[in-house]
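S.K.: Before anything else, here's the structure in question.
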Amino acid sequence: MAALRVATGAGNWFSALALGVTLLKCLLIPTYHSTDFEVHRNWLAITHSLPISQWYYEATSEWTLDYPPFFAWFEYALSHVAKYFDQEMLNVHNLNYSSSRTLLFQRFSVIFTDALFVYAVYECCKCIEGKKAGKELTEKPKFILSVLLLWNFGLLIVDHIHFQYNGFLSGLMLLSIARLFQKRHMEGAFLFAVLLHFKHIYLYVAPAYGIYLLRSYCFTANKPDGSIRWNSFSFVRLISLGLIVFLVSALSLGPFLALNQLPQVFSRLFPFKRGLCHAYWAPNFWALYSALDKVLSVIGLELKLLDPNKVPKASMTSGLVQQFQHTVLPSVTPLATLICTLIAILPSIFCLWFKPQGPRGFLRCLILCALSSFMFGWHVHEKAILLAVLPMSLLSVGKAGDASIFLILTTTGHYSLFPLLFTAPELPIKILLMLLFTIYSISSLKTLFR
Amino acid sequence: MEKWYLMTAVVLIGLTVRWTVSLNSYSGAGKPPMFGDYEAQRHWQEITFNLPIKQWYFNSSDNNLQYWGLDYPPLTAYHSLLCAYVAEFINPDWIALHTSRGYESQAHKLFMRTTVLIADLLIYIPAVVLYCCCLKEISIKKRIAKVLCILLYPGLILIDYGHFQYNSVSLGFALWGVLGVCYDWDLLGSLAFCLAINYKQMELYHSLPFFCFLLGKCFKKGLKGKGFVLLIKLACTVVAAFLLCWMPFFTEREQTLQVLRRLFPVDRGLFEDKVANVWCSFSVFLKIKDILPHHIQIIISFCFTFLSLLPACIKLTLHPSPKGFKFTLVSCALSFFLFSFQVHEKSILLVSLPVCLVLSEIPFMSTWFLLVSTFSMLPLLLKDELLMPSVVTMMAFFIACATSFSIFEKTSEEELQLKSFSISVRKYFPCFTFLPRIILHLSSKQDSPSQVIVSMTTLT
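Top to bottom, those sequences are chains R and V. Quick note on numbering: the first sequence equals residues 1 to 450 in the UniProt record's numbering. Quick note on numbering: the second sequence equals residues 1 to 460 in the UniProt record's numbering.
Rendered as structure tokens:
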């Protein structure tokens, strides 16, 4: 009673927001869940029932383990709690097992691990300076940022309906960003290294981290005009950063190196056989490219410029996840996408190296890296837009220009997530939550910068 | 109004909570042969669509009154007919005569839940928003907070969107009535309230305060002049409203009597199931139902109800004011709930609506009462497998009220509006200080974090 009283006192709006969204997540428990639910149940079963040497070889289910080892250990830890809910879900052969207790356990595990995300948001709010301190609560940047992050529409529907664990992973990323803002670089580097070994999609933003830490942490001082001062290089800092990354990687990949399973692990982590676009196209450059290819092939067939026998039967629009060739335009290889991504990242990396603007510059570079990878990456899911949206929220409460970019990005990004929930009962939920987030974000940012 | 976006956000949160609760089970799901209230509503759509009006309230081979016969006034029947037309357009199997009994499917559940949401959106929610926007004496932030708290009231959400009923229609109409009457739109207010009574006869619990308030207004205006004109106008409005709703049933005396018999089933007994009123609680020690004969039970409940609501109603007639009106609504509805005949546990909603209206004036007591009222319906909700939504919505409501109205900070006797009561009691019992002390203990201020941690650990 007293704890609740403290949590709900007039000054403690943050806990009220966090508790409120947690209760909303509890209400979303009976909603539709996608195949990702079965994916994670399968991983609980694999890590619990099989020895480590089998984890990356097990293929009873089609949903094989394709996240780095730390996530596998995370599932292993969860499985020890899961056995008190329903022992049957830990059986590898129980495909598509979803008893009510399994559902309850899985949903609660996502809600519970979101605590890390809440803590990360709390730390991020501390990094935001409230310029106009005398304003009332709902117009303070900290309040708006908390709502934009805690009640983020994308996270809610991807994590708590579709079913994934992006909450605590994004929490790790936001926490490492916050640490870099607070000049605790070693902690930030450590957290990011750990994050990489939880989900390797964060490799998209690794260049930003690498260049920033090298330029602004290893070189301890700048010349008066801001350019690099080569003799201020600190070997100690470089070595310590390298040591952190090395130790974390050793902890993660060490066991598999010892078992000589590294090639298998990497083939699971980077499945290039999956095809350029996902079953549901992420709204990126390759989607436009493939659409253009389709249009051109249709025109070509109409104008009899193409031989119908040479046109492949399987097309990108059939919703299948597989490799295939384009008809008119040149086919795209993974290497080509990597080169395109690198070219897109280059300008922001250059800026970060030659004109470092402290943590804010790093954040901008991170967002640009995330967006470039989303645009040009291989087999991008539409959920990857969250990698850019969440850090962008931190910038949006700072400047008016950033706020307008954020609003465009977040509204379109969130709308692109709609096809994830295609069942009728979830239609009102996604519309209501989308309206809620969009109306609030547009109006509150407008009020902040009027 | 400024901060319209916060008001919109609050309404959207209310709608989201409602829809997510509706994803759960409903009353009587998968339980033949009788099922539950959900099946009752579907059955009424079937009856009103397939049978002529004359047969709606009568027992016949097509209309077996033992299987969920219509026992609400005509407006409910018309509403069911409207829903039936939509149902017929989507899938006629849902309301086919006889063959659709016990029809259950995912699509049908979606349809029924949507009808509740639309009715709520059109009637109840606008009334709540308009009511709070018109409260001039509190700040805009507090008005928005009040809308949030009222929309998050768990009892109504769980009964309408979980158990399955259409209470938001009758309560919404009653709220429009309160709005009209408080802001001197007396005719529209009384029209709205007549619609409420003609939707669910339980709204009669609220009728006495309306009557006394309007009568008091007429007296104040002077019975020889404007007051008399107002009285006549009101009488005409009420009569016209009732005529309009009951027109098909006034053609024959037998029709009217049969409808009245269905609305007021006096042979059903003092109470059914478990309900948190005086008679049911008393029956733990003394089985009144078995001791006293039927007609004596009716007389006793009538006397107690009437005596308990008399003081508030007399005061309201002599000194009509909007604030007094709202508190009299609470008091009368509570008298009826505690002492009346054949009270269902869902009737607590009729007390909860007026308490919601005074939430900003006595936040601590109102929040406490509203939480207890939801808790009192727990046996019903557990039967419908609604434990998780109940707990979550109750916690959400508590957090919303606690943060919006700082209920733990304003707990002195004066702020709880109990000062005059306590003083008069202390005249006879000088030792009556335990109530304020209990409240103070429950919400005692602890300054240092260590004290908080200590208290947290002692709790666990």
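Here a beta-carbon is modelled for each residue, glycine too, at the ideal position from N, C-alpha and C.
Comparing C-alpha positions only, which one of V:305, V:321, V:234, V:138 sits nearest to residue 331 (chain V)?
M.R.: Measuring from the Cα of residue 331 (chain V), the nearest candidate turns out to be V:305.
S.K.: Starting from the Cα of residue 83 (chain V), find the closest Cα among V:62, V:117, V:101, V:67 and give me that residue.
M.R.: Among V:62, V:117, V:101, V:67, the Cα nearest to that of residue 83 (chain V) is on V:117.
S.K.: Can you tell me whether DSSP reads residue 231 (chain R) as helix, strand or coil?
M.R.: Three-state DSSP puts residue 231 (chain R) in a helix.
S.K.: Inspect the CB distances between the segment 375-382 of chain V and the segment 186-196 of chain V and report whether three or more fall short of 8 Å.
M.R.: They do not touch, by the three-pair rule.
S.K.: Checking 8 Å against the spacing of the C-beta atoms, do residue 122 (chain V) and residue 245 (chain V) come in under that value?
M.R.: Against a cut-off of 8 Å, the Cβ pair of residue 245 (chain V) and residue 122 (chain V) comes out as no contact.
S.K.: I'd like to check one pair, residue 328 (chain R) with residue 297 (chain R): are the Cβ atoms closer than 8 Å?
M.R.: Yes; because the gap between Cβ atoms is below 8 Å, this pair is in contact.
S.K.: If I measure Cβ to Cβ from residue 410 (chain R) and keep anything under 6 Å in the same chain, skipping five residues before and after, which residues do I get?
M.R.: 389.
S.K.: For residue 28 (chain R), return the contacting residues in chain V, with the cut-off set at a CB-CB distance below 9 Å.
M.R.: Under the 9 Å cutoff, chain V gives 20, 23.
S.K.: Would a check of beta-carbon distances place residue 429 (chain R) closer than 8 Å to chain V?
M.R.: Closer than 8 Å: yes.
S.K.: Residues of chain R with a CB under 8 Å from the CB of residue 363 (chain V): which are they?
M.R.: The premise fails here: residue 363 (chain V) is roughly 12 Å from chain R at the closest Cβ pair, so nothing lies under 8 Å.
S.K.: Report the option in V:43, V:328, V:149 whose CA atom is closest to the CA atom of residue 368 (chain V).
M.R.: Residue 368 (chain V) has its Cα closest to that of V:149, out of V:43, V:328, V:149.
S.K.: For the segment 197-215 of chain R and the segment 341-352 of chain R, state whether three or more C-beta atom pairs, one from each stretch, are separated by less than 8 Å.
M.R.: The segment 197-215 of chain R vs the segment 341-352 of chain R: in contact.
S.K.: Let's see if you can read the secondary structure: which residues bound the alpha helix (DSSP H) around residue 248 (chain V)?
M.R.: Note, residue 248 (chain V): premise wrong, no alpha helix (DSSP H); not H, not E.
S.K.: Show which residues of chain V have a CB atom less than 7 Å away from the CB atom of residue 20 (chain R).
M.R.: Within 7 Å Cβ-Cβ: 396, 399.
S.K.: Rounded to whole angstroms, what's the CA-CA distance from residue 12 (chain R) to residue 286 (chain V)? Just pull it up for me.
M.R.: Distance between the alpha carbons of residue 12 (chain R) and residue 286 (chain V) is about 49 Å.
S.K.: Give the straight-line distance between the Cα atoms of residue 3 (chain V) and residue 147 (chain R), rounded to the nearest whole angstrom.
M.R.: Answer to the nearest angstrom: the Cα atoms are 16 Å apart.
S.K.: What residues in the segment 171-204 of chain V have a beta carbon less than 7 Å from any beta carbon of chain R?
M.R.: The segment 171-204 of chain V vs chain R, Cβ under 7 Å: nothing.
S.K.: Apart from the five residues on each side of it in sequence, which residues of its chain come closer than 6 Å, Cβ to Cβ, to residue 215 (chain V)?
M.R.: The residues are 317.
S.K.: In whole angstroms, what separates the C-alpha of residue 401 (chain V) from that of residue 326 (chain V)?
M.R.: Between residue 401 (chain V) and residue 326 (chain V), the C-alpha separation is close to 20 Å.
S.K.: Considering only the alpha carbon of each residue, which of R:186, R:447, R:196, R:448 lies closest to residue 237 (chain R)?
M.R.: Answer by Cα proximity: R:186.
S.K.: Taking 8 Å as the threshold, find out whether the segment 427-442 of chain R comes into contact with the segment 118-125 of chain R through three or more Cβ pairs.
M.R.: Judged by Cβ distances under 8 Å, the segment 427-442 of chain R makes no contact with the segment 118-125 of chain R, as fewer than three pairs qualify.
S.K.: Which of the three DSSP states, helix, strand or coil, is assigned to residue 260 (chain R)?
M.R.: In the structure shown, residue 260 (chain R) sits in coil (DSSP, three-state: anything other than H, G, I, E or B).
S.K.: Specify, as a first and last residue, the run of the alpha helix (DSSP H) that residue 468 (chain V) falls within.
M.R.: Any property of residue 468 (chain V) remains undetermined from this structure, which presents chain V solely from 1 to 460.
S.K.: Report the residue from R:58, R:31, R:52 whose alpha carbon sits nearest the alpha carbon of residue 42 (chain R).
M.R.: Measuring from the Cα of residue 42 (chain R), the nearest candidate turns out to be R:58.
S.K.: Run the CB neighbour count on residue 294 (chain V), radius 10 Å, all protein chains shown included, and call it buried at 16 or more, exposed below.
M.R.: Residue 294 (chain V) is exposed by the Cβ-count criterion.
S.K.: Tell me which residues share the same chain as residue 336 (chain R) and place their Cβ nearer than 7 Å to its Cβ, disregarding the 5 neighbours each side in the sequence.
M.R.: So the list is empty, once near-sequence residues are dropped.
S.K.: Is it buried or exposed, residue 143 (chain V), if we count other Cβ atoms within 10 angstroms and call 16 or more buried?
M.R.: So residue 143 (chain V) ends up on the buried side.
S.K.: Beta-carbon separation of residue 445 (chain R) and residue 403 (chain R) under 8 Å?
M.R.: Contact flag set, yes.
S.K.: Can you have a look at residue 457 (chain R) and say buried or exposed, based on whether 16 or more other CB atoms are within 10 angstroms of its CB?
M.R.: The requested residue 457 (chain R) is not part of the displayed model; chain R covers only 1 to 450.
S.K.: Using only the alpha-carbon positions, how far apart do residue 442 (chain R) and residue 385 (chain R) sit?
M.R.: Rounded to whole angstroms, residue 442 (chain R) to residue 385 (chain R) spans 19 Å at the Cα level.
S.K.: Out of R:285, R:94, R:71, which has the shortest C-alpha to C-alpha gap to residue 60 (chain R)?
M.R.: Cα-wise, what sits closest to residue 60 (chain R) is R:94.
S.K.: Could you name the residues of the segment 96-125 of chain V whose beta carbon sits closer than 9 Å to any beta carbon of chain R, in the order they occur along the chain?
M.R.: Going along the segment 96-125 of chain V in chain order, one finds 106, 107, 109, 110, 113, 114, 117 with a Cβ nearer than 9 Å to chain R.
S.K.: If we cut at 8 Å on Cβ distances, does residue 403 (chain R) have a partner in chain V?
M.R.: Taking Cβ atoms only, chain V never reaches closer than 8 Å to residue 403 (chain R), which makes this a no.
S.K.: Could you check where the alpha helix (DSSP H) with residue 195 (chain R) kicks off and where it finishes?
M.R.: 185-196 is the extent of the alpha helix (DSSP H) around residue 195 (chain R).
S.K.: Run through the segment 37-90 of chain R for me and flag every whole alpha helix (DSSP H) of 4 or more residues, listed as ranges in chain order.
M.R.: Listed in chain order, they are 52-55, 69-82.
S.K.: Just tell me which of R:18, R:14, R:15, R:24 has its CA closest to the CA of residue 392 (chain V).
M.R.: Minimum Cα distance to residue 392 (chain V) is reached at R:24.
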